[in-house]
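Chains A and B are the protein sequences, given in the same order. Count the first sequence with this note's numbering and you get residues 1 to 212, in order. Count the second sequence with this note's numbering and you get residues 1001 to 1212, in order. Glycine included, C-beta positions come from ideal geometry on N, C-alpha and C. Reviewing the structure listed below.
There are 2 protein chains.
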Amino acid sequence: MIYSLYYWPGIQGRGEFIRLALEDAGAAYVNRSPGKNPGVFAPPYLKAGRLVIAQTANILFYLGPRLGLAPKSEARRLWLHQQQLTVMDWLDEVHAVHHPIAGSLYYEEQKREAKRRAEDFRSHRLPKFLRYFESSAGAPFSYVDLSLFQMVEGLRYAFPATMKKLESKFRKLVAIHDRAAKRPGISRYLSSGRRIAFNQHGIFRHYPELDR
Amino acid sequence: MIYSLYYWPGIQGRGEFIRLALEDAGAAYVNRSPGKNPGVFAPPYLKAGRLVIAQTANILFYLGPRLGLAPKSEARRLWLHQQQLTVMDWLDEVHAVHHPIAGSLYYEEQKREAKRRAEDFRSHRLPKFLRYFESSAGAPFSYVDLSLFQMVEGLRYAFPATMKKLESKFRKLVAIHDRAAKRPGISRYLSSGRRIAFNQHGIFRHYPELDR
């Protein structure tokens, strides 16, 4: 099976959560630019044979057991999916920090509102998500850990000062990050040309005024 | 099996999407106030025997085939789940209209930002979601249709003027709403004391200044 992942090739974004799972497993895939697809609200979407699947967490739910990154029992799969959906909620909030008013407006057009939102994110929401995932750490390695790796990487890029202050309180989460980075497929991927660098077009963006 | 749904009993909120599925199927359930649950980021969550499941769409994914509101084939279940996750994204945006800065602040503390966000929601995001679900209407009845019923009901409450202008373009979606309302379980539920009225504490709130 050669998977086709449809996501903009110049940004990590939500597509990166899928790429990490495919790369970790050494799966055969091609990354294509998304076209018009009537059955899909927004990228990323995956073509797997005749199946077309959208929504990041849904794609990972499908891929998980097939890539050896999730167990097959229903109860465990539901639990992992619950965790992944919570990661996606967290990611939405990261995006909303620099786009609190509208995705169709530039950051500069909503900078004042972004500063207010960033303050709440740094002091309440970010620590709340970190605490939650710290307390639920400890399960066998899964695609959720790859997503947590990406969250830690992205947050370090976007909020370096804030993360520097917070990280020491969340050692289990940092350990998950470090463990993921050392996996053969991930380590190969990160040092390859396929890993796109963080930039100011993705979800994780570094605006010093939002990090303080 | 008696299900326990943990969600605040005074608001519809995300819990209502679960309640509608349980009520439609005539399932035995009790609604309890959420307590501290270490494995759950936020309500709603469902107890089903020894299973504890959180995240609204995840709960519906689990309940769907058990309540006769989803087929059993994997491809169809993934498709319905994708639709449900898109409904949840839509619902998040409805909430963000009156709380663009922080859930922990009162509406009055972010009213100016809310007005800006509402303008974008009414003119871009709301029509985009309506178009998407209008174009994908037509599948056999499922829990997703119950959620679309709730979206139409909620949007009519929160944005009566905007919906009055838009609805005539989305007849299939309105037909889904009307069909859901007439189902025996739903019709019984809506006229019972169990259906909580919309109010200014839930996700759908009517602020005339946001509806224009």
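is_contact[A/Asn37, chain B] using C-beta, thresh 7 Å: Taking the first sequence and counting its residues from 1, the one referred to as residue 37 of chain A is at position 37. No, its Cβ sits nowhere closer than 7 Å to a Cβ of chain B.
Could you name the residues of chain A that B/Arg1117 contacts, counting a contact when the two beta carbons are closer than 8 Å? Here residue 1117 of chain B is taken as the residue at index 117 of the second sequence, counted from 1. In chain order: Pro100, Ile101 and Ala102.
Below-7 Å beta-carbon distance, B/Ile1053 vs any chain A residue: Along the second sequence, one-based indexing puts residue 1053 of chain B at 53. Closer than 7 Å to some Cβ of chain A, the Cβ of B/Ile1053 qualifies, so yes.
Strictly below 8 Å CB to CB, what residues from chain B border A/Tyr132? For the purposes of this step, residue 132 of chain A is identified with residue 132 of the first sequence, where counting begins at 1. Residues of chain B passing the Cβ test: Phe1041.
For B/Leu1078, report the span of its alpha helix (DSSP H) as first-last. The count along the second sequence starts at 1 and reaches residue 1078 of chain B at position 78. Where B/Leu1078 is concerned, the enclosing alpha helix (DSSP H) stretches over Glu1074 to His1098.
Would you please verify whether the beta carbon of A/Asp211 is less than 7 Å from any beta carbon of chain B? Stepping through the first sequence from its first residue, residue 211 of chain A is reached at position 211. No, A/Asp211 lies away from the interface with chain B (no Cβ there is under 7 Å from its Cβ).
Is the Cβ of A/Glu108 closer than 7 Å to any Cβ of chain B? Within the first sequence, residue 108 of chain A is the residue found at index 108, counting from 1. Judged by the 7 Å Cβ criterion, A/Glu108 is not in contact with chain B.
Flag this pair as touching only if the stretch 1067-1087 of chain B and the stretch 1142-1149 of chain B have three or more C-beta atom pairs under 8 Å; answer yes or no. yes
Grab the span of the alpha helix (DSSP H) containing B/Asn1058 for me, first residue to last. On the second sequence, residue 1058 of chain B is found 58 positions in, with the first residue counted as 1. Where B/Asn1058 is concerned, the enclosing alpha helix (DSSP H) stretches over Thr1056 to Arg1066.
Relative to the C-alpha of A/Gly39, which residue among A/Asp24, A/Ser104 and A/Gln55 is closest? As a working mapping, residue 39 of chain A is identified with position 39 in the first sequence. When only C-alpha atoms are compared, the closest one is A/Gln55.
Assigned secondary structure, B/Lys1036 (DSSP; H/G/I helix, E/B strand, else coil): Here residue 1036 of chain B corresponds to residue number 36 of the second sequence, with the count starting at 1. B/Lys1036 falls in the coil class under three-state DSSP.
Using three-state DSSP, classify B/Leu1020 as helix, strand or coil. Numbered from its first residue, the second sequence carries residue 1020 of chain B at position 20. Residue state, collapsed to three classes: helix.
Per DSSP, A/Val30 forms a beta bridge with which residues? To locate residue 30 of chain A, count along the first sequence from 1; it is residue 30. Paired residues: A/Ser4.
Considering Cα atoms alone, identify which of B/Trp1008, B/Ala1175 and B/Leu1046 is closest to B/Ile1137. Position 137 of the second sequence, counted from the first residue, corresponds to residue 1137 of chain B. Checking the displayed sequence, the identity of residue 1137 of chain B turns out to be Ala instead of Ile. For the residues B/Trp1008, B/Ala1175 and B/Leu1046, the minimum Cα distance to B/Ala1137 belongs to B/Ala1175.
Just to check, is the beta-carbon of B/Arg1179 closer than 6 Å to a non-hydrogen atom of the ligand FMN? No copy of the ligand FMN appears in this structure; indeed no ligand is present at all.
Can you tell me the Cα-Cα spacing of A/Ala42 and B/Gly1154, whole angstroms? For this step, residue 42 of chain A is matched to residue 42 along the first sequence. For this step, residue 1154 of chain B is matched to residue 154 along the second sequence. So the two alpha carbons sit approximately 23 Å from each other.
Which partner residues does B/Leu1046 have in the DSSP bridge list? On the second sequence, residue 1046 of chain B is found 46 positions in, with the first residue counted as 1. Answer is B/Leu1005 and B/Ile1053.
Can you tell which of B/Ile1186, B/Gly1193, B/Phe1198 and B/Gln1200 has its C-alpha closest to the C-alpha of B/Ala1027? In the second sequence, counting from the first residue as 1, residue 1027 of chain B sits at position 27. Looking at the Cα atoms, B/Ile1186 is the closest of the given residues.
B/Lys1182, enclosing alpha helix (DSSP H) - first and last residue: As a first step, residue 1182 of chain B must be located in the second sequence, where it is residue number 182. Arg1171 to Lys1182 is the span of the alpha helix (DSSP H), which, as asked, contains B/Lys1182.
Out of A/Arg179, A/Tyr157 and A/Phe17, state which residue places its alpha-carbon closest to the alpha-carbon of A/His206. Here residue 206 of chain A corresponds to residue number 206 of the first sequence, with the count starting at 1. The shortest Cα separation from A/His206 among A/Arg179, A/Tyr157 and A/Phe17 belongs to A/Tyr157.
Grab me the residues of B/Arg1014's own chain with a C-beta within less than 6 Å of its C-beta, minus the 5 sequence neighbours each way, in chain order. Position 14 of the second sequence, counted from the start, is the residue given in the question as residue 1014 of chain B. Cβ neighbours of B/Arg1014 beyond the five flanking positions: Pro1044 and Thr1056.
Along the stretch 68-81 of chain A, where does the CB come closer than 7 Å to a CB of chain B? Name the residues. Ala75, Leu78 and His81
Taking only beta-carbon positions, decide if B/Glu1093 is within less than 7 Å of chain A. Locating residue 1093 of chain B in the second sequence gives position 93, where the first residue counts as 1. No, no contact with chain A.
With a threshold of 7 Å on Cβ separation, who are the neighbours of A/Ala21 within its own chain once the five nearest residues in sequence on each side are excluded? For the purposes of this step, residue 21 of chain A is taken as the residue at position 21 of the first sequence. Excluding positions up to five away in sequence, the list reads Leu60, Leu63, Leu67, Leu69, Tyr143 and Leu146.
Out of A/Phe129, A/Ile101, A/Arg32 and A/Gln82, which has the shortest C-alpha to C-alpha gap to A/Lys219? A question about residue 219 of chain A goes unanswered here, because the residues of chain A that appear run from 1 up to 212.
CA-to-CA distance, B/His1098 to B/Tyr1107, given in whole angstroms: The residue labelled residue 1107 of chain B in the question sits at position 107 within the second sequence. The residue labelled residue 1098 of chain B in the question sits at position 98 within the second sequence. Distance between the alpha carbons of B/Tyr1107 and B/His1098 is about 6 Å.
Candidates A/Glu134, A/Val152 and A/Ile2, of which the one nearest A/Asp178 by Cα: Translated into the one-based positions of the first sequence, residue 178 of chain A becomes position 178. It is A/Val152.
Does DSSP put A/Phe41 in a helix, in a strand, or in coil? The sequence position of residue 41 of chain A within the first sequence is 41, counting from 1. Coil, per DSSP.
Span separating the alpha-carbon of B/Lys1036 from that of A/Glu134: As a first step, residue 1036 of chain B must be located in the second sequence, where it is residue number 36. As a first step, residue 134 of chain A must be located in the first sequence, where it is residue number 134. Looking at the two C-alpha atoms, the distance is approximately 16 Å.
Extent of the continuous alpha helix (DSSP H) to which B/Ala1118 belongs: As a first step, residue 1118 of chain B is located in the second sequence; it is residue number 118 there, counting from the start. Taken as a continuous stretch (DSSP letters only), the alpha helix (DSSP H) holding B/Ala1118 covers Lys1111 to Asp1120.
Using CA coordinates, which residue listed in A/Asp92, A/Glu109, A/Ala180 and A/Phe149 is at the minimum distance from A/Phe121? Sequence index remark: in the first sequence, residue 121 of chain A carries index 121 (1-based). The option with the nearest alpha carbon to A/Phe121 is A/Asp92.
Sort B/Ala1161, B/Gln1200 and B/Leu1210 by Cα distance to B/Gln1012 and report the nearest one. Looking up residue 1012 of chain B in the second sequence gives position 12. Nearest C-alpha to B/Gln1012: B/Gln1200.
By how many angstroms is the C-alpha of B/Ser1033 removed from the C-alpha of B/Pro1160? Sequence index remark: in the second sequence, residue 1160 of chain B carries index 160 (1-based). Sequence index remark: in the second sequence, residue 1033 of chain B carries index 33 (1-based). C-alpha separation (whole angstroms): 31 Å.
From what residue to what residue does the alpha helix (DSSP H) around A/Leu69 run? Counted from its first residue, the first sequence places residue 69 of chain A at position 69. Element bounds for A/Leu69: n/a, residue is neither H nor E.
According to the Cβ coordinates, are A/Ile203 and A/Val94 closer than 7 Å? As a position in the first sequence, residue 203 of chain A is number 203, starting the count at 1. As a position in the first sequence, residue 94 of chain A is number 94, starting the count at 1. Yes, they are a contact pair.
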